[in-house]
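J.: Could you have a look at this structure, given as structure tokens, before my questions?
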Amino acid sequence: MNLVNFLHQGNRYLGEFTPANLVFDANLQIFSRRIGFICALENGGKLSPQDAFSRIEGLWEALENSAHNLGIE
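FYI, in my numbering the residues of the sequence shown are 1068 to 1140.
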């Protein structure tokens, strides 16, 4: 296993298959991975709590927009 695969592991989609659900699942996995990195950086003192919050807020808005654009509510 190389470093990229170790850091960016993906999981299979197990829900009802539609192209929109598959894309949203991929977006959700990316969202959760980025949240984990942001939390680790904040806990390690590399990001301020305010900066971490604003980054998480931006990621959340992007995920909501993704769901809206895909027709998932």
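For each residue, glycine too, the CB sits at the ideal point set by N, CA and C.
Let me know the secondary structure DSSP gives Arg1122 once reduced to three states.
T.: Taking the first residue of the sequence shown as 1, we reach residue 1122 at position 55. Residue state, collapsed to three classes: helix.
J.: Which value, in whole angstroms, describes the spacing of the CA atoms of Cys1058 and Gln1096?
T.: No answer is possible for residue 1058: it lies beyond the span of the chain, which begins at 1068 and ends at 1140.
J.: Using the Cβ count rule (16 or more neighbours within 10 Å means buried), how would you classify Phe1120?
T.: To locate residue 1120, count along the sequence shown from 1; it is residue 53. Burial call: exposed.
J.: Looking at C-alpha atoms only, which residue of Glu1083, Val1090, Tyr1080, Asn1069 is the closest neighbour of Leu1137?
T.: As a position in the sequence shown, residue 1137 is number 70, starting the count at 1. Cα-wise, what sits closest to Leu1137 is Val1090.
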